[in-house]
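Okay, structure first, notes after.
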Amino acid sequence: MIYEIVILAMIAAFLGLRLYSVLGNRAEHEEETITHRFDSGDSAVDQPVREAPPAAPVQAVNTQQQANLLPVVEEGVRAIAAADRSFDVTSFVEGAKGAYGMVLDAFWKGDKDTLRELCDDDVYAGFAGAIDARTAAGETMDNTLIRVEEAVIRDAELDGRTARVTMRFVSDIAAVTRDKDGVLIAGSLDDAVESRDIWTFARNVDATGPDWQLVETDEG
Numbered sequence: 000m001i002y003e004i005v006i007l008a009m010i011a012a013f014l015g016l017r018l019y020s021v022l023g024n025r026a027e028h029e030e031e032t033i034t035h036r037f038d039s040g041d042s043a044v045d046q047p048v049r050e051a052p053p054a055a056p057v058q059a060v061n062t063q064q065q066a067n068l069l070p071v072v073e074e075g076v077r078a079i080a081a082a083d084r085s086f087d088v089t090s091f092v093e094g095a096k097g098a099y100g101m102v103l104d105a106f107w108k109g110d111k112d113t114l115r116e117l118c119d120d121d122v123y124a125g126f127a128g129a130i131d132a133r134t135a136a137g138e139t140m141d142n143t144l145i146r147v148e149e150a151v152i153r154d155a156e157l158d159g160r161t162a163r164v165t166m167r168f169v170s171d172i173a174a175v176t177r178d179k180d181g182v183l184i185a186g187s188l189d190d191a192v193e194s195r196d197i198w199t200f201a202r203n204v205d206a207t208g209p210d211w212q213l214v215e216t217d218e219g
């Protein structure tokens, strides 16, 4: 009888150890930390802050262009170039020379439509009034621009968002005025007369178009 009790006790002890072993292992597994997707191993790396690309540099005035500018003018030219990236001194001077010839030719021919496109209201009114007076007198102008000997920037400024550039033109013009019968009453086609003009052109730097307008004329 005692022998049987000892055997049963050993069997119970063995089963208890097995049960503890299983439960103990299960408990240890249940306490394990669950790995998350955003732990250090898989976390997103902080991206460095990207600096904004540097602004395009203001278009520089080259050495040849500087030689044609007075020191007081260069400051105004740079201010205009900073506000209008498309502004270029050489291109502007060439364009101003072309506009000079177009305005003179339109005035001599009495072409108000062209003058309307190239001039602001005040300058256009002056030209139109002179054309009307000439027409009323029955006179015509048969002038020819022989050449432009000099075209230089005399002043430049940025007034708010309006760029203003003043040009000095020295040109040779064959000037002829005829009466209503076509008779020569002034000038000569054989002798060119030197003309000195100070013209100011203006443009809103925010405008989409590249056109400048003649806003002031004077003798130089």
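For the sequence shown, numbering that gives the first Met the number 0 begins at 0 and goes up steadily by one.
From the three backbone atoms N, C-alpha and C, an ideal C-beta is built for every residue, glycine too.
Fair warning: this is a prediction, and the values are worked out from it, not measured in the lab.
Relative to the Cα of phenylalanine 200, the nearest Cα in the group Arg84, Asp121, Ala105 belongs to Asp121.
Spanning the alpha carbons of isoleucine 152 and threonine 134 requires a straight line of approximately 34 Å. Residue Leu114 holds the alpha-carbon nearest to the alpha-carbon of leucine 103 among Glu93, Leu114, Gly94. For valine 192, the uninterrupted beta strand (DSSP E) segment begins and ends at 192-203. With contacts defined by Cβ atoms closer than 7 Å, alanine 155 and valine 164 form a contacting pair. Here the C-alpha atom of arginine 77 lies approximately 14 Å from the C-alpha atom of glycine 159. For alanine 136, the number of other beta carbons within 10 angstroms of its own is below 16, and it is reported as exposed.
For valine 182, the secondary structure class from DSSP, reduced to helix, strand or coil, is coil.
Contact between the segment 188-200 and the segment 173-180 is present, with at least three C-beta pairs closer than 8 Å. Between the alpha carbons of glutamate 215 and methionine 101 lies a gap of roughly 16 Å. Counting the other Cβ atoms within 10 Å of the Cβ of isoleucine 145 gives fewer than 16, which makes it exposed. When secondary structure is reduced to three states using DSSP, alanine 132 falls in the helix class. Nearest Cα to glutamine 212 within the set Trp198, Lys179, Ala80: Trp198. With fewer than 16 neighbouring CB atoms inside 10 Å of its own CB, serine 85 falls in the exposed class. Remark: C-beta atoms of isoleucine 79 and glycine 109 do not approach each other more closely than 7 Å.
For the pair phenylalanine 91 and phenylalanine 106, the CB atoms are not nearer than the 7 Å cut-off. For alanine 162, the uninterrupted beta strand (DSSP E) segment begins and ends at 161-173.
Exclusion of the five residues before and after lysine 111 leaves Ala127 as the residues of its chain whose Cβ lies within less than 6 Å of its Cβ. Between alanine 98 and leucine 157, the CB-CB gap reaches or exceeds 7 Å. Its chain contains Ile152, Arg153, Asp154, Ala155 as the residues whose beta carbon lies nearer than 8 Å to that of valine 72, once the 5 sequence neighbours on both sides are disregarded; these appear in chain order.
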